[in-house]
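Trainee:
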Amino acid sequence: MLLLSKVDANLLQYSRETVSENAVNLYLNGENNSGQRTRPFDLHNSQYANTIELSNNEYVSYHLSRDHSVITVYTLGNTAFGKTINIHLPCSSMNKQYTLTVQEIDEKLTISVILQDGLYLVMELPLDTIFSGKTSVGHDWLKVLNPYDFSIRRPHLLYPVSEDFYIAFLNDGGLLGLRKTRDSDLEPILFNDNSYLQSLTQMFSRKNGSKSEKAISCLVFAKKFLVVLTQSCHLKVWDLTTLHLVLDNDLSRNNLTEISTINGHEDPGNYMTLLNNWLVIYLPFGNGLFHIGTLALDATGKPNFSKINEVSANLSSSSIWTLVDMTLLKPLELATDASYLNLVVLWKSGMISKVQILNLMDEDLQLYEWIEATNRSLNDIEAEQDLNVNGDAERGLQNLKTRYSNEIFERAQQILSENHILKPAGELDSMDYLANLETVLRDLKNKADEVSSLTIYMDEILVVNCLQKYNHSVYKINSTLENVYYDIYAEVNDDELKRYLKTLHCFSATLSKDVLQNVSNGFIDIANGSMSKSLSLKEKFTDVYRSYLSSNFEVSNLKLLFDELNTFDVIPLLNNLIENHLRSHTAHARDFVDSLTVDNFTTVTIMESLFQMIALQKHFVLQVLLAFAFLDFDDEMFVNQLESLLDLHFRQSLILGLYQIDKTLFISELFNHTTKFRSGIQLHSYSEWFSFLSYTLSKLWEGPINSNPYFISFFDSYVIQHGIAGDEKITKTKLLLQNIGWPFYLRNNQTQEFMLAMMFFACEKYDEAYEFFHLHNYPESIANSLPECLRELGDENYKSMWSPLVSSMAVAYRHSKFEYELALLFTQAHSTELAYKCIKKSIEYSMREVEIEEPQDYKERQLKLYLNLLFHFDMFSEALDVLRFNHNTLSEEIRTTYYKSALEGTNQQGSFLAMLLNLCHSNDGSKLYLPTSDYQIIDNILVSHLQDESWESYKQLYSFRMMNKHDRAAAELIYQYLTLIASSLESRKKCYLIIVNVLSTFDNEQDQWLLNGCNIITLSELKFELANI
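For reference, each letter of the sequence shown is one residue, going 1 to 1029 in the UniProt record's numbering.
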């Protein structure tokens, strides 16, 4: 019976940083190195990990690594802001983690360890130091003691009885008490036993010495008795007051036939667990045996153990399993018929782990059942589909990045690089490379999840500590749908809903993942309005069938489905599913406690389990909808249920898509909507955990579908604030468009289509952006219905590239201004063709809506942008029209700038002047083509271009003056060239001929002259000079 499921809880999962910035390295020589790591982050560098609870209800995790010579300490709930402390020991501990203890004493984390060289170290870390990134460790954190010569009698286990009394268990079976003195030294106290003499006897005896007296597990009972389990399966109890042995119980007496073939416990471990007077002992008999009994004081005050039951381990004999840890608890809120005590057991076989619960059902402890847990998280189960993306390598890469932590991902890439498996040149990623990457990622994830110990969080929640730092697993009590999913192939007879869902699951399992994904997309299209509104609901389902299913199933499988469905009364089942398992409103905010600050562990645990619940809900909702795609159903009979399921499927798919793009952002937004202080909740129990999940789900599925606050938050971060981050943010913006924006926008919803246009623009899809920006008359239709994130853009203090565009909807000349701002955006994006289209529309609106007054500075900016684009495309005729006819808007200074730019630009000078001369020449009518002021501007520019001995520059100015009816000035220019520059006979003769011909065109002889400085030179004089050359 599977009643619990594994939830991955990587404390760095939602952190922007890959490791804590507050890491501190401590050394025994007094050095400390804050904020630095001495070696790269090692994914699998711990040999042991555990987590303990402090008096303030906080939790601290510690790891032993590098051959048990480095102790790492970090907080479970404040990883991002607290310290990670690495203590570097001079050598390894005497016996792995067994000769190390971690306790809270006087608001300090006290770590005691016996080293290989026999030294006894005591390290005291102030809790403020661990929980705050600011407080220093101080200088008196370390004490080096030598209370006993451990080189003679070597210890293998160190156990803290209290704050000032420790017991070292010696290899020869002896016990050594270590009591604190007033000066914080340790005083050795030998227990009253003959173990030392026995060890000497064994040294000089020819017989092999037995290690049966060696302690392998211990605990304290009633604060005055030390309970010890030995390697020979003796249960011994010592009186801590008298240091005498008061009980010696041989637990192997009834298992002599089995112990001869089974090796005893090799290493110490947590083989005993005590709750009140109930004691459970694990013995290595057969496949493993749990000895259950009571430990109580008799009338004389002497402890006595009474066995009540023996329960064999429920494990397959084909695998070799090792008990890692176990704890006896009050009964959890499991879906069982009865429960009195729960024994939680953590097993390990290689890197595979298993959590089981022995449910003792009555006070007599005779009735029991084994409860299983799903030991692969949904995250691991769904990882098999990460590269099922129809060759879309970019999407496959994002799936892998979403699935695995930054540390694992970086390490996997490093491993591939070290093995010369590299990305193909010129490709972002290939499917072959991603397949190799996925293989390495899975292997690293399995290693990272290797278990080390069990912690009971808040006296109830099962937490498994993994050997990778910051990595834990939490076991969640399943909801009904989770139980159905994880135990889908179990025999079900008494629950119609479970049998119905199992039937649907078995059929859907015969279809490929690609088909199911396409069908899911088809149902999203029904919800988003992609299908015609004229179609009935039944016709829409038929369209999904024809598009994605008609040739992708086996008829025999469909027949089996129909046969099974005929045994159900479907409408009540659907109502039960929707009302009690999908849209339940039984949880309230009062059922949990809001947190004042964000707790890393709680946040990761809740969010991963929420993701799991939504994914499983979507799984079953899709299967229900899938069945109806094959059915000929009555619209009116099922319309309410199907519309509710379609709505849920749409929302579930949307939320899961957002969560996969940016978990951190999603969590922040979720807490904003579900908790009072926007920091999550305090996780105290399974009931609070489940209540918060139920409350959150009800909040997620309510509210109008056309204004989802989570999508709005992502839109704000990745589109409105577009351009303020690097490539990773742009990549996620593209994912937001591809996975969310396009499939989920509501068709014919003008606000969402406007937002989609913005998304297209942010993703550099400018043609699509232009199309959607012009689907509707947005300045009129949505100006008063914008979501808050867009309304805020109207604030003049809001800094965003979109502020001017959205603000344009609020002015009187909104149509012209809207197109102008679009033109600016496209210009900034170097999409000048689209910018030109927009500015043309802006000009057209201004010319059409003449009754609307536009500010002078806006008119100027509008025409300047228009001119910029006209000159960019060498549209000189249109540009000249703008310059000639808009003197009221464009000042002489502005016009001079544009004329000068066109006449001096190396790429445009010749073509612009040619066009200008042609227009001046071909101009029909009594008026000149250029107004006087424009003529003068251009003439001055051309005069400034005259260069010594450059006939070409003189010729250009001469032509310009002639085309603009300034013949005398043209003749004077040539005479200037003649007198100052022309030197050859040929060039002088040519100049005279030009001048004579120009002056000869004047009909009146009195007008046939030119000025040379202050002198008047007549045509006759010029002809005489020409004749005398």
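Using N, Cα and C, we set each Cβ at its ideal position, and we do this for glycine too.
(1) State the beta-bridge partners of Glu-418 as determined by DSSP.
(2) Rounded to a whole number of angstroms, what is the C-alpha to C-alpha distance between Phe-225 and Trp-238?
(3) Bridge partners for Pro-188 per DSSP, in chain order?
(4) With respect to the alpha helix (DSSP H) encompassing Ile-941, which residues constitute its N-terminal and C-terminal limits?
(5) Could you check the C-alpha separation between Asp-106 and Gln-231 for me, to the nearest Å?
(6) Residues bridged to Ala-296 by DSSP?
(7) What is the C-beta distance between Val-102 and Ile-167, in whole angstroms, given that I count them as a contact (C-beta under 8 Å)?
(8) With DSSP collapsed to three states, give me the class of Ile-352.
(9) Rounded to the nearest angstrom, how far is the Cβ of Ser-698 from that of Ala-587, given a contact under 8 Å?
(10) Could you spell out where the beta strand (DSSP E) holding Ile-461 opens and where it closes?
(11) Mapping DSSP to helix, strand and coil, what is Phe-507?
(12) For a test of the three-state rule: what should DSSP assign to Gly-289, helix, strand or coil?
(13) Cutting at 8 Å between CB atoms, please list the residues of its own chain near Tyr-766, excluding the five before and the five after it.
(14) Just to check my reading of the structure: residue 1100 and Ile-85 have Cβ atoms closer than 8 Å, yes? What is that Cβ distance to the nearest angstrom?
(15) Give a yes or no on whether the C-beta atoms belonging to Leu-903 and Phe-912 are separated by under 8 Å.
(16) Looking only at its chain, what residues have a beta carbon closer than 8 Å to the beta carbon of Thr-602, apart from the 5 residues adjacent to it on each side?
(17) Unbroken alpha helix (DSSP H) runs of length 4 or more, entirely within the stretch 119–178: which are they?
(18) Decide if the stretch 304–316 is in contact with the stretch 436–445; the criterion is three or more beta carbon pairs, one per stretch, under 8 Å apart.
(19) Which value, in whole angstroms, describes the spacing of the CA atoms of Leu-917 and Phe-960?
(20) Please confirm whether His-649 and Phe-523 have their CB atoms less than 8 Å apart.
(21) Grab the span of the alpha helix (DSSP H) containing Phe-628 for me, first residue to last.
(22) When we look at the beta-carbon of Glu-702 and count the other beta-carbons within 10 Å, is it buried (16 or more) or exposed?
(23) Compare the Cα-Cα distances from Ile-578 to each of Asn-600, Val-621, Asp-563 and Ser-556 and report the closest residue.
(24) So what does DSSP say about Leu-3, is it helix, strand or coil?
(25) Quick one: give me the first and last residue of the alpha helix (DSSP H) that Asp-250 is part of.
(26) Would you mind reading off the limits of the alpha helix (DSSP H) that contains Ile-526?
(27) Let's see if you can read the secondary structure: which residues bound the beta strand (DSSP E) around Trp-1009?
(28) Tell me whether the beta-carbon of Gln-356 lies closer than 8 Å to the beta-carbon of Leu-504.
(29) Going straight from the alpha carbon of Leu-735 to that of Leu-642, what length do you get?
(30) Starting from Ala-810, follow the beta strand (DSSP E) in both directions and report where the run begins and ends.
(31) Considering Cα atoms alone, identify which of Phe-773, Ile-730, Leu-775 and Asn-777 is closest to Glu-764.
(32) Are the beta-carbon atoms belonging to Ser-93 and Leu-119 less than 8 Å from one another?
(33) Curious, which full-length alpha helix (DSSP H) runs of at least 4 residues does the stretch 22–98 contain?
(34) Between the stretch 670–679 and the stretch 461–469, are three or more C-beta pairs nearer than 8 Å?
(35) Skipping 5 residues on each side, what residues in its chain have a beta carbon closer than 6 Å to that of Glu-363?
(36) Alpha carbon to alpha carbon, how far is Leu-219 from Gly-174? Give it in angstroms, no decimals.
Mentor: From the atom records:
(1) Glu-418 is not bridged to any residue.
(2) About 6 Å.
(3) Answer is Leu-178, bridged to Pro-188.
(4) Per DSSP, the continuous alpha helix (DSSP H) segment holding Ile-941 begins and ends at 932–944.
(5) Asp-106 and Gln-231 have their alpha carbons spaced roughly 35 Å apart.
(6) DSSP output for Ala-296 lists Asn-304 as bridge partner(s).
(7) 16 Å between Cβ atoms; not a contact.
(8) If DSSP states are grouped into helix, strand and coil, Ile-352 belongs with the strands.
(9) Contact flag correct, Cβ pair sits at about 7 Å.
(10) Unbroken beta strand (DSSP E) run through Ile-461: 461–466.
(11) Under the three-state reduction of DSSP output, Phe-507 falls in the helix class.
(12) What sits at residue 289 in the sequence shown is Leu, not Gly. Strand.
(13) Its chain contains Phe-760, Phe-826, Ala-829, Ser-831 and Leu-834 as the residues whose beta carbon lies nearer than 8 Å to that of Tyr-766, once the 5 sequence neighbours on both sides are disregarded; these appear in chain order.
(14) With the chain covering 1 to 1029 only, the question about residue 1100 has no answer from this structure.
(15) Going by C-beta atoms, Leu-903 is nearer than 8 Å to Phe-912.
(16) Here the set comprises Gly-77, Ser-595, Gly-680, Ile-681, Gln-682 and Leu-683.
(17) Fully contained in the stretch 119–178 are the following alpha helix (DSSP H) runs of length 4 or more, in chain order: 127–131.
(18) The stretch 304–316 is not in contact with the stretch 436–445.
(19) Using only the alpha carbons, I get a separation of about 6 Å.
(20) For His-649 and Phe-523, yes; Cβs fall inside 8 Å.
(21) For Phe-628, the enclosing alpha helix (DSSP H) starts and ends at 600–630.
(22) Sixteen is the threshold: since fewer than 16 other Cβ atoms of the shown chains lie within 10 Å of the Cβ of Glu-702, the residue is exposed.
(23) The option with the nearest alpha carbon to Ile-578 is Val-621.
(24) Correct three-state label for Leu-3: strand.
(25) In the DSSP assignment, Asp-250 falls outside any alpha helix (DSSP H) and lies within the beta strand (DSSP E) extending over 244–250.
(26) Run containing Ile-526: 513–528, per the alpha helix (DSSP H) assignment.
(27) That run of the beta strand (DSSP E) goes 1009–1012.
(28) No.
(29) Cα to Cα, the separation comes out at about 29 Å.
(30) Segment: none, Ala-810 is in no beta strand (DSSP E) and carries neither H nor E.
(31) Of the listed residues, the one whose Cα sits closest to Glu-764 is Ile-730.
(32) No, they are not a contact pair.
(33) Listed in chain order, there is nothing to give.
(34) With a cut-off of 8 Å, the stretch 461–469 and the stretch 670–679 do not count as touching, because too few Cβ pairs lie within range.
(35) Tyr-340, listed in sequence order.
(36) Using only the alpha carbons, I get a separation of about 16 Å.
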